[in-house]
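Here's the structure we're looking at; comments come further down.
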Amino acid sequence: MSALREAQFEYDERLPPPVSEESQAEAEWLETNAERLTLGYRIEWGYRKADRGEVTQADYWQALQDLANQRQKDGEDEIDAFGQLLALAGNFGSSGRMFDLQVYLLGSKTARKEVALELLRPHAAKAVALQAEQDELEREIGW
Numbered sequence: 001m002s003a004l005r006e007a008q009f010e011y012d013e014r015l016p017p018p019v020s021e022e023s024q025a026e027a028e029w030l031e032t033n034a035e036r037l038t039l040g041y042r043i044e045w046g047y048r049k050a051d052r053g054e055v056t057q058a059d060y061w062q063a064l065q066d067l068a069n070q071r072q073k074d075g076e077d078e079i080d081a082f083g084q085l086l087a088l089a090g091n092f093g094s095s096g097r098m099f100d101l102q103v104y105l106l107g108s109k110t111a112r113k114e115v116a117l118e119l120l121r122p123h124a125a126k127a128v129a130l131q132a133e134q135d136e137l138e139r140e141i142g143w
């Protein structure tokens, strides 16, 4: 019985694996910049020419369009939502109805942010590392 109690105590006292500082920084960078991308901002990183990178609104729009097109090809647009969206936009239609149609076309209310996250995820580690490098350089020279 003693061995069982000891094993149970060890099991109960285990801590979750440590979260690395870098992965937390990457998660914060992703969350912040995905939100900015959905709001219309261009996301840029790196200060030296060789390190620079960006995700533009054109990249974001293309990814959204690709998602909507794929959903249409898969037969998931049963109400001709794309046509309705175009008609409403051309006639200054209800923004609420246009929002509903974009949610329907993309498959969920969170799809826009998910698309932004997928665009940014491959760049997060590099962007965070470059920002940390820049922050260190600025500390060294006293900015």
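The numbering of the sequence shown is UniProt numbering, which starts it at 1 and goes up by one.
The beta carbon of each residue, even a glycine, is placed where N, CA and C say it ideally should be.
Taking a contact to mean a Cβ-Cβ separation below 9 Å, would you say residue i touches residue j in this structure?
| i | j | result |
| --- | --- | --- |
| Gly40 | Gln65 | no |
| Leu86 | Ser94 | no |
| Arg112 | Thr32 | no |
| Ala116 | Ala34 | yes |
Please return the same chain residues whose Cβ sits closer than 8 Å to the Cβ of residue i, not counting the five positions on each side in sequence.
| i | result |
| --- | --- |
| Gln131 | Trp29 and Trp45 |
| Arg52 | Glu44, Trp45 and Gly46 |
Could you tell me the distance, in whole angstroms, from the CA atom of residue i to the CA atom of residue j?
| i | j | result |
| --- | --- | --- |
| Val128 | Arg5 | 45 Å |
| Glu78 | Leu101 | 12 Å |
| Val103 | Tyr11 | 45 Å |
| Leu120 | Gly75 | 28 Å |
Should residue i be labelled buried (16 or more other beta-carbon atoms within 10 Å of its own) or exposed?
| i | result |
| --- | --- |
| Ile43 | buried |
Which residues in the same chain as residue i place their Cβ atom closer than 7 Å to its Cβ, once the five residues preceding and following it in sequence are excluded?
| i | result |
| --- | --- |
| Gln72 | Phe82 |
- Could I get the ranges of all uninterrupted alpha helix (DSSP H) runs contained in the region 55 to 121, with 4 residues as the minimum, in chain order? Taken in chain order, the complete alpha helix (DSSP H) segments of 4 or more residues contained in the region 55 to 121 are 57 to 73, 81 to 90, 95 to 106 and 111 to 120.
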